[in-house]
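Below: the structure, in structure tokens.
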Amino acid sequence: MMYFSRLKTTIILAVCLLGILLGVPNLFPAPASWMPWRAVHLGLDLRGGSYLLLEVDMKSVIKERLDGLTDGVRQALRGGKIFYQTLDAQPDQDRILLRLRDPAQINEAVAALRPLVSRDSGSGQADLAIDSNPDGTITLTLSQVALSNRASGAVEQSIEIVRRRIDETGVVEPQIARQGESRIVVQLPGVGDPDRIKQLIGKTAHMTFQLVDETANPAAGGPPPLGDEYLPMQDRPNEKIAVRKRVDVDGADLTNAQAGTSPETGEWVVNFTFNSIGARRFADITRSNVNHRFAIVLDNKVISAPVIREPITGGRGQISGSFTAQSANDLAVLLRAGALPAPLTVVEQRSVGPELGADSIRAGAISLAAGFVFVIVFMGIFYGLFGWFANLALVVNLFLMLGIMSLLQATLTLPGMAGILLTLGMAVDANILINERIREEQRLGRPPLAALEHGFSRAYSTIFDSNATAFLAHVMLFVFGSGPVRGFAVTITVGIATSMFTAWMLTRLLVSRWYANTRPKLLPV
Amino acid sequence: MFIKPLLRIVPDTTRIPFMRGRYMGLIVSAFLSTASVVLFFYPGLNLGIDFSGGVVMQGRTEGPADFNQIRGALAAQHITEQGVQRFGDESEVLIRLGAQPTEAANQAAVAQVRAALEKGIPGTRIMRTDAVGASVSAELFRNGMLALVVSLVMIMVYIWFRFEWQFAVGAVVTLILDVTKAIGFLAITRIEFDLVMVAAILTILGYSTNDKVVVYDRVRENLRKYKSMPLRDLIDLSINETLNRTLGTSMTVFLASLPLALFGGESISGFAWVMLFGIVVGTSSSIFIAAPILLFLGEHRLRRDAAAPVAVKATTASRP
Chain A
1 MMYFSRLKTT IILAVCLLGI LLGVPNLFPA PASWMPWRAV HLGLDLRGGS
51 YLLLEVDMKS VIKERLDGLT DGVRQALRGG KIFYQTLDAQ PDQDRILLRL
101 RDPAQINEAV AALRPLVSRD SGSGQADLAI DSNPDGTITL TLSQVALSNR
151 ASGAVEQSIE IVRRRIDETG VVEPQIARQG ESRIVVQLPG VGDPDRIKQL
201 IGKTAHMTFQ LVDETANPAA GGPPPLGDEY LPMQDRPNEK IAVRKRVDVD
251 GADLTNAQAG TSPETGEWVV NFTFNSIGAR RFADITRSNV NHRFAIVLDN
301 KVISAPVIRE PITGGRGQIS GSFTAQSAND LAVLLRAGAL PAPLTVVEQR
351 SVGPELGADS IRAGAISLAA GFVFVIVFMG IFYGLFGWFA NLALVVNLFL
401 MLGIMSLLQA TLTLPGMAGI LLTLGMAVDA NILINERIRE EQRLGRPPLA
451 ALEHGFSRAY STIFDSNATA FLAHVMLFVF GSGPVRGFAV TITVGIATSM
501 FTAWMLTRLL VSRWYANTRP KLLPV
Chain B
1001 MFIKPLLRIV PDTTRIPFMR GRYMGLIVSA FLSTASVVLF FYPGLNLGID
1051 FSGGVVMQGR TEGPADFNQI RGALAAQHIT EQGVQRFGDE SEVLIRLGAQ
1101 PTEAANQAAV AQVRAALEKG IPGTRIMRTD AVGASVSAEL FRNGMLALVV
1151 SLVMIMVYIW FRFEWQFAVG AVVTLILDVT KAIGFLAITR IEFDLVMVAA
1201 ILTILGYSTN DKVVVYDRVR ENLRKYKSMP LRDLIDLSIN ETLNRTLGTS
1251 MTVFLASLPL ALFGGESISG FAWVMLFGIV VGTSSSIFIA APILLFLGEH
1301 RLRRDAAAPV AVKATTASRP
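If you read the sequences in order, they're chains A and B.
Numbered per our numbering, the first sequence spans residues 1 to 525.
Numbered per our numbering, the second sequence spans residues 1001 to 1320.
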């Protein structure tokens, strides 16, 4: 127990040295840029920044899929000359309900709808189940697999678009990651007030170009004519305008958008460029509708509805509509980044200004220093020399903790700092157990070496059992916790591991070297 | 101080008959825990934003904060706040809004408060914004409780595995009593119960178990060593033998947490106070609760009384 081979000694010292080397970068800034200088990541609560949890609106993903499908059904039935009474999308049940006018046509209808089913290229599973009843009703139900694939795709696509939008704002090192089924975590270091980013993220930014129905009059009330919809104006929400439901050109066909000022009026405008498909369609529409109005619609609001003076064939256009420099820029960013597949809502926000973060670091550092001194003085007073061995091990333990956390690129949060303090208090527990045990063994009349041998070996199982339970509790905290609390769990679990190493290996080595050199008649415990 | 220890917490020869006070200990503990459960229902816990949902914003004003002016500025924008209070420094203000009906309303409230403050009290800076929607807060609460329950079960299984079932039951019953008292402490002090508090309670669980394991470990060792000593005396002996360690460790952990309560700043000091309370409770419960429970459960199983027939004693006591 008290004998250390040369190899073992070297390994223990090497681990301690490595730990100190890895821990040192946390104390000073890098002296030279070529040195590998890896410090612990500071959490957003310490460095300042924002954490946003976004939820993808899955209902609208499903609804959009069902709407598309409803169009498909309508066309298929029209092609087969099959008439129906009702055709309803029922998003709550992930299905479309169809009632035929003539139940005798049911087989014909099912055959006409069959081409709408597509199969997964991998598993060969159908994305749609068609069930028919003799009474003339047919249901088309989306399969769970297809739904979750679509949801998953929507989240992935949203992440990409959110990333593009945030990149445009110049935030340094944003982190955007998926969480669970339908959520996205956005971390923005250094952003204490994420209002502008929330605004950018909060817009679906689905832009369409639709023709205005000049014969309809929304002010007259009543439902819009067939194939039309009434949409509010962006800057005058009370005023509605009748537009054709048919989307002539989609914002997805834009290749570029830039804010600028109009040379004629000096107003802020957004200039855009279409890709070849968009340019061709835009040219066709404008050519056949000269002197009519078309509406530029963003997220179901009409930005502007200008009159087409002449065909626009160059694939370039301009949106005007009482913009400010900021709003024109934002719209350009949104159009460049593309539309979100579904609306995003912020379900959780945690923002800390850099000022408060710095305050927290200072308070944490003062507490850490004071707690450290308290523990060291206590050990010195109550355990003498063996207490100082424990104190040395405690210092090494602190470095090892910092070193491992730097290596793992773990995040240090304010609760994490509390965790370090608690670990300092608990780390000496192993040493206290050992020292008390050695003292008892000596009181039983054992000579020094035997007392040390027995002390260490008997304390071992106690140390192991008592640390194992605490370890389990904090692993659970890591599994179920989130954010800063996870940081706490990480520091404590790392701390338990390192303190067992320093108490069990390093102190024992120190004590054994000391004993070999001094050969005392009585241990000062 | 550098070679010889200067002080001992208690002399090595201390032999306090703790088990004589076993009924007293259990009664006091049962009373405190019952009171805590009552406090849990009335007035209840001061749920933090993590679990209640809503908006909390911390602002810093230039010079001492004028709370009436702030309330006025918020009221002028038709914002219904749940509380405007001082937070540490006299220029620090904490504004709390209850859970809003929708996620969007939650977000809108953040922007409104910011605008109202910037307009109403120029020079105010928003230092911190926490907005938690209803779906997230429900989830956080569920996960927090799950962490507590799963930890308790794992601790019980571990102790059962390493010791005998009487030890496991004794430890878990004691831990539950400890946790209820911590919750009572939260209810009385009105410290906000949030995720960080779950972490504090879990840490108390870990610490308290740690303490019990050390005493139990000594009981187990002494059971093998003194085959004919009555369990009651044996438990007393074990507690006394480990008393220096029990007090020593609780003092170091206490000393390490104390600065956090004093200088750690408003947002972490609640955590530290709960920890300090938990250390005291966890340490005393090892002696006054966990040990008596072990005595009651184990009196006829772990060890026959000294008067019992010798033959039975040998078979039951030799199990590891």
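Beta carbons: idealized from backbone N, C-alpha and C, even for Gly.
Sequence-distant residues of the same chain with beta carbon closer than 7 Å to residue i, five excluded per side
{"i": "A497/A", "result": "none"}
{"i": "Q326/A", "result": "none"}
{"i": "D1050/B", "result": "V1132, S1137, L1140, D1194, L1195"}
{"i": "N1106/B", "result": "V1055, Q1100, A1131, G1133"}
{"i": "I1239/B", "result": "F1018, V1215, I1287, A1291"}
{"i": "G72/A", "result": "L116"}
{"i": "P341/A", "result": "V61, A154, Q157, S158"}
{"i": "W268/A", "result": "A259, T261, F323, T324, A325, A328"}
{"i": "I161/A", "result": "A337, G338, L340"}
{"i": "T1129/B", "result": "M1057, V1110"}
Residue i, buried or exposed, once every other Cβ within 10 Å from all chains shown has been counted against 16
{"i": "V504/A", "result": "A small correction: the amino acid at residue 504/A is Trp; Val does not occupy that position in the sequence shown. Answer is buried; the Cβ neighbour count reaches 16."}
{"i": "K1212/B", "result": "buried"}
{"i": "G1144/B", "result": "buried"}
{"i": "V270/A", "result": "buried"}
{"i": "V1038/B", "result": "exposed"}
{"i": "N467/A", "result": "buried"}
{"i": "F83/A", "result": "exposed"}
{"i": "G170/A", "result": "exposed"}
{"i": "N107/A", "result": "exposed"}
{"i": "E508/A", "result": "According to the sequence displayed, residue 508/A carries Arg and not Glu. So R508/A ends up on the buried side."}
{"i": "L472/A", "result": "buried"}
{"i": "N275/A", "result": "exposed"}
{"i": "N397/A", "result": "buried"}
{"i": "A111/A", "result": "exposed"}
{"i": "Y1158/B", "result": "buried"}
{"i": "R119/A", "result": "exposed"}
{"i": "H474/A", "result": "buried"}
Neighbourhood of residue i by C-beta, 8 Å cutoff - its chain only, sequence neighbours within 5 removed
{"i": "L1295/B", "result": "M1019, R1022, L1231, R1232, I1235"}
{"i": "V347/A", "result": "L53, L54, E55, R183"}
{"i": "P520/A", "result": "P448"}
Residues near residue i by beta carbon distance below 6 Å, same chain, minus five either side
{"i": "V525/A", "result": "F386, N435, I438, R439"}
{"i": "G278/A", "result": "V249, D253"}
{"i": "Y515/A", "result": "none"}
{"i": "R336/A", "result": "A257"}
{"i": "G441/A", "result": "Strictly speaking, residue 441/A in this sequence is Glu, with Gly absent from that position. So the qualifying residues of the chain are A451, H454, G455."}
{"i": "L331/A", "result": "V270"}
{"i": "M1156/B", "result": "A1168, V1172"}
{"i": "L1007/B", "result": "none"}
_Would you call the segment 96-115 of chain A in contact with the segment 123-142 of chain A, where contact means no fewer than 3 C-beta pairs closer than 8 Å?_
yes
*Check whether the segment 21-32 of chain A touches the segment 403-415 of chain A, counting contact only when three or more Cβ pairs, one atom from each stretch, lie closer than 8 Å.*
yes
*Per the contact definition of three or more C-beta pairs closer than 8 Å, is the segment 473-486 of chain A in contact with the segment 1188-1201 of chain B?*
yes
*asked:* Just to confirm the assignment: which complete beta strand (DSSP E) runs, minimum length 3, are found wholly within the segment 247-311 of chain A?
replied: DSSP runs (the beta strand (DSSP E)) wholly in the segment 247-311 of chain A: 254-261, 268-274, 294-298, 301-304.
*Say whether the segment 256-268 of chain A touches the segment 199-206 of chain A, bearing in mind that this needs 3 or more beta-carbon pairs closer than 8 Å, one atom from each stretch.*
no
*Check whether the segment 1275-1286 of chain B touches the segment 1249-1256 of chain B, taking contact to mean three or more Cβ pairs, one atom from each stretch, closer than 8 Å.*
yes
*Which residues, in chain order, does the segment 480-500 of chain A contribute to contact with chain B at a C-beta distance below 8 Å?*
Near chain B, meaning a CB-to-CB distance below 8 Å, the residues of the segment 480-500 of chain A are F480, G481, S482, G483, P484, V485, F488, A489, I492.
_Chain-ordered residues of the segment 388-422 of chain A with a beta carbon less than 7 Å from chain B_ = Cβ contacts with chain B come from W388, L414, P415, A418, L421, L422.
_Unbroken stretches of the alpha helix (DSSP H), 4 residues or longer, contained in the segment 84-153 of chain A_ = Correct list: 106-113.
*Could you list the residues in the segment 341-353 of chain A with a C-beta less than 8 Å from some C-beta on chain B, going in chain order?*
T345, V346, V347, E348, Q349, R350, S351, V352, G353
*asked:* Please identify, using Cβ separations under 8 Å, the residues of the segment 1123-1142 of chain B that lie next to chain A, in order along the chain.
replied: R1125, I1126, M1127, R1128, T1129, D1130, A1131, V1132, G1133, S1135, V1136, L1140
_Against chain B, which members of the segment 168-184 of chain A pass a CB distance test of less than 8 Å?_
none
_Below 8 Å, how does it come out for the segment 282-295 of chain A and the segment 307-314 of chain A: are there three or more Cβ pairs, yes or no?_
yes
*Are at least three pairs of beta-carbons, each pair with one atom in the segment 1111-1122 of chain B and one in the segment 1063-1072 of chain B, less than 8 Å apart?*
Touching, yes.
*Count the CB pairs spanning the segment 382-399 of chain A and the segment 423-438 of chain A that are closer than 8 Å, and state whether there are at least three.*
Contact annotation: the segment 382-399 of chain A touches the segment 423-438 of chain A, with at least three C-beta pairs closer than 8 Å.
*Report the residue ranges of all alpha helix (DSSP H) runs contained in full by the segment 1189-1241 of chain B; include only those spanning at least 4 residues, in chain order.*
Listed in chain order, the complete alpha helix (DSSP H) runs (minimum 4 residues) inside the segment 1189-1241 of chain B are 1195-1225, 1231-1241.
*asked:* For the structure I just gave you, are there three or more beta carbon pairs, one from the segment 211-227 of chain A and one from the segment 239-248 of chain A, closer than 8 Å?
replied: yes
*Which residues, in chain order, does the segment 1165-1176 of chain B contribute to contact with chain A at a C-beta distance below 8 Å?*
none
*Three CB pairs or more closer than 8 Å across the segment 299-308 of chain A and the segment 350-363 of chain A*: no
*Between the segment 422-437 of chain A and chain B, which residues of the former have CB atoms less than 8 Å from a CB of the latter, in chain order?*
L422, L424, G425, M426, V428, D429, I432, L433, E436
_Runs of beta strand (DSSP E) lying entirely within the segment 322-365 of chain A, each at least 3 residues, in chain order_ = 344-352
_chain A contacts from the segment 1265-1289 of chain B (Cβ-Cβ distance under 8 Å)_ = G1265, S1267, I1268, F1271, A1272, M1275
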